[in-house]
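Asks: In the working numbering, the protein residues as written are 18 to 597.
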RNA sequence: CGGGGAGUGGCGCAGGUUGGUAGCGCGCAUGGUUUGGGACCAUGAGGCCGCAGGUUCAAGUCCUGUCUCCCCGACCA
């Protein structure tokens, strides 16, 4: 490709709208262009990288036994009504009517059409398991797009769906996809951590996110540097047994005692006043899960994870009760406790022990109760983990301190189970001839978002540094000087490299050396080859890797072989081996 | 949806309080001189100042409305 013919141009200055590096560099390189908020065009160079990323995905999906297909981007609303999501999801799904008045939607994901296909084509256990995938455009009218390609409204996603006869089969296959995901990211030069994700209100046993750790990310994950535990904030757990004072026998009185605690309406102030460890106090919060009030009790030093609570109560989200709502429930803010309350659902966090006594509110202004034993002095409807893990909390696996990091979620894997097959009646006949719902898994990965992460993970102050595996071109050939000799030499090098099947971007423009070098650095092809009077005098062409500071002179005759060998070794440097 | 900011040639910005012929840098076009890290000279093209109303002899500038975009938050299968 000749730069003089290239569609798109480089920008010297940082566009005003760009915040994060990938956004700025892709814009400045003339690789993407915004049409509307969260809606981008990919110009030729970026599109070549996109196609390479897709091919890496195809290779790994094929290796994971998945078959590529394609599904529509416009769906009749019927299938979304069948699954129940037509009413469940909000305005992020675009809905419209076709000319004859039928309700249609724009695909925001493809569980519905793929489940429809499954029920049409899968009849027997003999066909299972089966895995399909497609790379398709989706549209979600996000409340807020941001960060260039990181969060957009229209995006291309690789989506795989697996169908199984039972949970066991899904459990066996699930790790195969996880492995493919790690390999895809690695092949693209994007280091990711596999973190446990929120399984959502459907429950289920498996959900993972593949996250590129970066300060500009919008996801929050908790990591254990010691043992490698990694979880999304929504799903993260902590070890609640560490550092809890041993309960001495005499500390459990036969009944709670009311004590005056004037003005002590926070855990910290009450515990300080009474000389207690916050780990021996009970924090009481009231939330609303829809219309239903829910009282949450947990150990005083912990915070509520609202996502866990929402999942427990099978709602989309919960909200903290307003002060007036507390009053109407007969509760006193700052002195609340589950002791004596009736007619309200009580969730106890499993940090609380029924074997020891705690400090709790007295449901009376200015008073607390000492010696409250969960289960004995108050009832709860369910005990579960609803605590939030925070920076420094003990790792649930090894007990070491957890670290909070930001990251970009490039992909996720999820055990769907029968969430879609049951309502949509996607059934198969088992060996005994019984009809059973298909057990499904889904595996999604954003192509454009991965491209953004490639740039985030591979750039410097001058521009992009493409990994060889996804680089739009392998070689950026720079012709310098106006002499006939140099020009001709560059032209013949270009022709030669093309003939040898090397992907080469050729800067044949009539620009100064500075402009060409700076553009080469910005565009970021992995190998730069310079042909000039100077290089010819030194015996050939200068070959320099974008990621390294210095180049070498290579004789023109040896150039194609030398470049091929660099390309090969650069690809091998990145590509994962058989094991990973 | 809440808070903040911005819309003036392709990009980055000035002008606005004090209304009076729309400006700068980069880029682009033509010619010439240059050519190993964002060259120089000359000439030139390109903008109904987001849009719609209003005030005024006169609006980029003042008033009202509206749309769009960016950032923080809410939200995120």
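By construction, the Cβ of each residue, glycine as well, lies at the ideal position given by its N, Cα and C atoms.
As the structure is a computational prediction, the values presented were derived from the model and not from experiment.
Relative to the C-alpha of residue 450, which residue among 60, 26, 141 is closest?
Replies: Residue 141 is the option with its Cα nearest to residue 450.
Asks: How about residue 247 and residue 81: are their beta carbons less than 7 Å apart?
Replies: No, these two residues do not count as a Cβ contact at 7 Å.
Asks: DSSP beta-bridge partners for residue 524?
Replies: DSSP, once it has assigned bridges, lists 495 as partnering residue 524.
Asks: Kindly list the residues whose CB is nearer than 6 Å to the CB of residue 536, restricted to its own chain and excluding five residues on each side of it in sequence; keep chain order.
Replies: 27, listed in sequence order.
Asks: Please state the DSSP three-state secondary structure of residue 565.
Replies: Three-state DSSP puts residue 565 in coil, outside helix and strand.
Asks: Are the CB atoms of residue 391 and residue 256 within a distance shorter than 7 Å?
Replies: Their beta carbons are not under 7 Å apart, which means residue 256 does not touch residue 391 by this criterion.
Asks: Taking the C-alpha atoms as reference points, what is the distance between residue 490 and residue 177?
Replies: If you take the alpha carbons of residue 490 and residue 177, they lie about 29 Å apart.
Asks: Is residue 352 near residue 299, with beta carbons less than 7 Å apart?
Replies: Going by C-beta atoms, residue 352 is not nearer than 7 Å to residue 299.
Asks: If you draw a straight line from the alpha carbon of residue 350 to that of residue 400, how long is it in whole angstroms?
Replies: Roughly 23 Å between the two C-alpha positions.
Asks: For the beta strand (DSSP E) that residue 50 lies in, which residues bound it at each end?
Replies: That run of the beta strand (DSSP E) goes 49-53.
Asks: Helix, strand or coil for residue 298 per DSSP?
Replies: Looking at residue 298 - three-state DSSP - the assignment turns out to be strand.
Asks: Touching or not, the segment 436-453 and the segment 271-279, by the rule of three or more beta carbon pairs under 8 Å?
Replies: Verdict: no, contact absent.
Asks: Enumerate, from N- to C-terminal direction, the unbroken beta strand (DSSP E) stretches of 3 or more residues contained entirely within the segment 349-405.
Replies: List check, beta strand (DSSP E) in window: 362-366, 375-381, 384-389, 399-401.
Asks: Buried or exposed: where does residue 205 fall if 16 or more other Cβ atoms within 10 Å of its Cβ makes it buried?
Replies: The residue is buried, with at least 16 neighbouring Cβ atoms inside 10 Å.
Asks: To the nearest angstrom, report how far apart residue 563 and residue 315 are at their CA atoms.
Replies: Answer to the nearest angstrom: the Cα atoms are 54 Å apart.
Asks: Would you call the CB atoms of residue 200 and residue 77 closer than 7 Å?
Replies: Against a cut-off of 7 Å, the Cβ pair of residue 77 and residue 200 comes out as a contact.
Asks: Kindly identify the DSSP beta-bridge partner or partners of residue 175.
Replies: Partner(s): 152, 462.
Asks: Would you mind reading off the limits of the alpha helix (DSSP H) that contains residue 423?
Replies: Premise fails: residue 423 lies in the beta strand (DSSP E), 420-434, not in any alpha helix (DSSP H).
Asks: Just checking my contact of residue 31 with residue 41 at CB under 8 Å: how many whole Å lie between their CB atoms?
Replies: The Cβ separation is near 5 Å, so the contact holds.
Asks: Could you give the first and the last residue of the continuous beta strand (DSSP E) run that contains residue 63?
Replies: It is not in any beta strand (DSSP E) - residue 63 instead sits in the alpha helix (DSSP H) that spans 61-80.
Asks: If I follow the unbroken alpha helix (DSSP H) through residue 93, where does it start and stop?
Replies: First-last for residue 93: 91-93, but that is the beta strand (DSSP E), not the alpha helix (DSSP H).
Asks: Buried or exposed for residue 144, please, with buried defined as at least 16 other CB atoms from any protein chain shown within 10 angstroms of its CB.
Replies: Exposed, since its Cβ has fewer than 16 Cβ neighbours within 10 Å.
Asks: Please state whether DSSP places residue 193 in a helix, a strand or coil.
Replies: If DSSP states are grouped into helix, strand and coil, residue 193 belongs with the helices.
Asks: Less than 7 Å between the C-beta atoms of residue 487 and residue 69, yes or no?
Replies: Yes; because the gap between Cβ atoms is below 7 Å, this pair is in contact.
Asks: For residue 459, collect the residues of the same chain with a Cβ closer than 6 Å to its Cβ; drop the 5 residues on either side in sequence, then sort them by chain order.
Replies: So the list reads 178, 431, 433, once near-sequence residues are dropped.
Asks: May I have the straight-line CA-CA distance separating residue 260 from residue 294, to the nearest angstrom?
Replies: C-alpha separation (whole angstroms): 10 Å.
Asks: To which residues of the same chain is residue 443 closer than 6 Å at the C-beta, ignoring the five residues directly before and after it?
Replies: Answer for residue 443: 132, 135, 136, 455, listed in chain order.
Asks: Excluding the 5 residues flanking residue 318 on each side, which residues of the same chain have their C-beta closer than 6 Å to its C-beta?
Replies: Only 295, 296 meet the Cβ criterion.
Asks: How long is the line joining the alpha carbons of residue 59 and residue 49, rounded to whole angstroms?
Replies: Straight-line Cα distance between these residues: approximately 5 Å.
Asks: For residue 583 and residue 566, what's the separation of their Cα atoms in angstroms?
Replies: Whole-angstrom Cα-Cα distance: 16 Å.
Asks: For a quick check, are the C-beta atoms of residue 287 and residue 385 less than 7 Å apart?
Replies: A contact, by the Cβ cut-off of 7 Å.
Asks: Hey, residue 461 and residue 429: beta-carbon distance below 7 Å or not?
Replies: Yes, Cβ-Cβ distance for residue 461 and residue 429 is below 7 Å.
Asks: What does a CB cutoff of less than 7 Å around residue 90 pick up in its chain, not counting 5 residues either side in sequence?
Replies: The answer, listed in chain order, is 123, 124, 153, 154.
Asks: Counting pairs of Cβ atoms below 8 Å between the segment 103-116 and the segment 415-425, do you hit three or more?
Replies: No, because fewer than three Cβ pairs between the segment 103-116 and the segment 415-425 fall closer than 8 Å, the two stretches do not touch.
Asks: Can you name, in chain order, every residue of its own chain whose Cβ lies under 6 Å from the Cβ of residue 507, other than the five neighbours on each side?
Replies: Cβ neighbours of residue 507 beyond the five flanking positions: 496, 548.
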